Every structure is written in structure tokens, then in C-alpha cells.
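One structure is given below, encoded as C-alpha cells.
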Amino acid sequence: MFSTLNRYFSRELALTFVAVSAILLAVVVSKSFVSLLTRVMEGKMSADAVLSLLGLGILEAAILLAPFALFISVMLVMGRLYRDSEIYAIKANGIGQLRLFRYAALFVLPVIVLLGYASVFLTPQIAQQVETIKLKAKERTSVLGLVPGQFIEARQGDWVVFVESADRESGTARNIFIYDRRGDRISIETARSVQQTDSPELEGRTLVLSQGRRYEGIPGEGNFTVLSFDHHNVRIPELNAAPDDDDPELMTAAQLLAAHANPELAEFQWRLSIPVAALLLVLLAFPLSVVRPRQGRFAKLGLAIVIYLIYSNLMILAEAWVANDRLPTMPGLFAVHGIVALMVVFLFMKQGEWAHRT
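In our numbering, the protein residues as written are 24 to 381.
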């Protein structure tokens, strides 16, 4: 069904793509792992959330890096064919660049289709999982992980805590302020020091306040109760671990299209841009990888990386402009793809003219 050259070329592309993707993911994952461990050490995240976030981060990175990995893979495979002079034997049999692209399609097109499905439909699910895990991890974080000098809210602002300083070595936070509102009644508690523990009696995480005061009553009635205490236990309420439904990155494709707002349309165009960019970069790699016999396999790899960086940054800029109504939604991000498509056509035409002259 498939020729020997077809299978050979597709296999070379597949093996190179796997190797390039593994290297890129290793770099990204190692950086993310160090960042997550730092947050755990600082008490800003519970340790059990690291593996889940790392796994989801790998999926996110794989989707974003796939176009670049395909681009570099084609460049490397074609560069090797030129270096080993195999390309000249292939051309001698009447097989040109477009024919080679059809051979590459055996591997490339299924990858791009899968990438398009993942970008449009799986991306919001991954983002929702990441956000939920982060919120739950924040919910389980020790009071020592609270940012000193900032007010932290729970129960839609009905429970607020403020810590002036925290000492992880001693396991104690100092000068804490807690505001708790239940209906019309509010209570305010202050304490010089606080420690966190799990209390079976209060069914959850508990703050043990030491040397403080409690003010309780209904505002405007003037009958507040003031209590002083040496030690007092306060249950930490459950935080709302639901992701933000208004965040475009968390919306499904149907929700983005139904919104008819610029931020949502910009996000939808971005998701479509991932597979489109992958296809254009693969097409661009074929004429861009043409080298003279003595130039070497990596002669144009640096240029390819520069082109990709410009392309990806223009996509990011166009998305921001569409979201901020500085660029019309049509063509929107597709204007950037149009520029790259024109470059592909120009390079193929130039290569054809050069081949005809020689």
C-alpha cells in the first residue's frame, strides 16, 4: 500500500518527533517541578498536589510544544537527507518536495488532527482540573503559608484572616486577625500567636489562638461582647474550590462561541491556531530545510528557531489585541497565519525557480 520511501520517511519523522518532544518536555517539566517544589517548601501548596499538577502540566506543555516539535523534526530529517546526499537520489527518481510532504502526511496529518482535538476540546478540561487542584491545595495549606500582610478570604468574604508574620521553624504565626460574619452577627478575634492543628472535635483544620481577644455582636446595636482568652480554638472554614466560570481559558468551545465577546473569541481563535500553526510550520520546514551540499545538517536550524519565535510571539500579541478590541475579530489571529502562509508559497516558488535554473 505504501512505498518503501513512504514508510522510511514517515518512520524517520515519527522517531525524530518523539525524541524532540521528549527533550522539550523534559526541559519544561523540570522547570515546573522545581517551581512546584519551591511553593511546597514555602507552604503555599500541599505536597500531594505536586504530582497531579505535574501530570496535567505535561499535557498542557505537549499541546503547546507540538507545533514546534513537528517543525524541528522535519528540519532535522530533511537536513540529514541533504547531509547524506540521500535527497539527490530521491530527486533523481522524480520525487520532489511536495511528494515528500505527501509521504510525511502519513505521520504528520494524524498528529495535527489529534492536536486540533486536544487544543479545542481537551485544553479547557485540563485548565479546569489545574485550577481546581490549585484551589483545593490552597484550601489545605497551613496558616504558615499565608502571605504576611495580606487579607485572605473564605465564604465569599464572610471569613477573613490576616497574619502579620509567620515563622516556619517554630511553626507559629504572630499577630493574627480573624473576621467572621454569620448573618447579621459578626465576630472579630485578635491574638498574639497562632498554631494550626487538626481537631476531631471541630471536624476539620483548627487554629489555636493564644493571648487574644474576641469581639462579638451585631453592628449598630452597641451591645458587643468582649472576651479575653489565653487559648481559643477556631475552625478554618472550607474555601470555595470552584473555578472561575467567567475565565475564557476554562470555557468549552461551545461556550466561547456562544459568548460573542472579544476575550472569548480570542481564546477560541488561539485554540484553533495551534493545529493551524503546526500545519503551516511543517509546510514551511520543507523549503526552509534546503541546504547546499557543504552547509551541513543544522545550517538553517537557527533561522528556523528565530522564525518560530517571531511567529509564536505574533500569535500571542494578536490574541491580546483581539481580546482588547485593538484588532478586529476577523481576521484576528488568522492574519498572522496568512503572513506565514504567504511565506510558505513564496519559498516554494523561489525554490522551484532555483531548481529550474540549476
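Ideal placement from N, C-alpha and C gives every residue a C-beta, glycine not left out.
Bear in mind that the values here come from a model prediction, so they are computed numbers and not experimental data.
Buried versus exposed call for residue i [16 or more other C-beta atoms within 10 Å across all chains shown]
i    : result
N285 : buried
G355 : buried
L280 : exposed
A45  : exposed
V50  : exposed
M24  : With a pLDDT of only 42 at M24, under 50, the local geometry of the prediction cannot be trusted, and the value read off the model is given with reservation. Flag for M24 reads exposed.
F291 : buried
D203 : buried
V41  : exposed
L273 : buried
R237 : buried
Inter-residue Cα distance where the pair is residue i and residue j
i    : j    : result
W293 : V299 : 10 Å
E239 : I211 : 6 Å
A282 : L288 : 8 Å
I95  : V136 : 19 Å
L93  : S75  : 27 Å
A84  : L48  : 7 Å
Y126 : R30  : 8 Å
G139 : I175 : 39 Å
L326 : S296 : 22 Å
V143 : Q278 : 12 Å
N347 : L250 : 52 Å
Cross-strand partners of residue i (DSSP beta bridge)
i    : result
S53  : Answer by DSSP bridge pairing: none, since S53 is not bridged.
A301 : According to DSSP, which records beta bridges pairwise, A301 is partnered with nothing at all.
V217 : A196, L232
Y238 : I211, V249
N256 : V231
S188 : R197
Proximal residues to residue i (C-beta, below 8 Å), its chain only, five neighbours per side dropped
i    : result
L324 : I95, M98, L99, G102
V153 : L76, L79, G80, E83
I209 : Y202, D203, E239, G240, I241, P242
Beta-carbon proximity list for residue i, same chain, < 6 Å, skipping 5 on both sides
i    : result
A305 : Position check: residue 305 holds Val in this sequence, whereas Ala was assumed. Hits under 6 Å: L93, V97, V131.
A37  : F130
F91  : Y331
Beta-carbon proximity list for residue i, same chain, < 7 Å, skipping 5 on both sides
i    : result
A11  : A question about residue 11 goes unanswered here, because the residues of the chain that appear run from 24 up to 381.
V363 : L303, L307, Y334
R428 : No information on residue 428 is available, as it lies outside the stretch 24 to 381 that the chain covers here.
V345 : N285, L288, A289, Q292, T352, G355, L356
A358 : A341
A301 : A89, P90, L93, I135, L138
T146 : I86, R294
Cutoff 9 Å: residue i Cβ touching any chain C Cβ
i    : result
P354 : The structure shown has no chain C; it contains just one protein chain.
Original post:
Counting only runs that start and end within the region 315-373, where is the alpha helix (DSSP H) found for 4 or more residues in a row?
Top reply: Runs found: 324-346.
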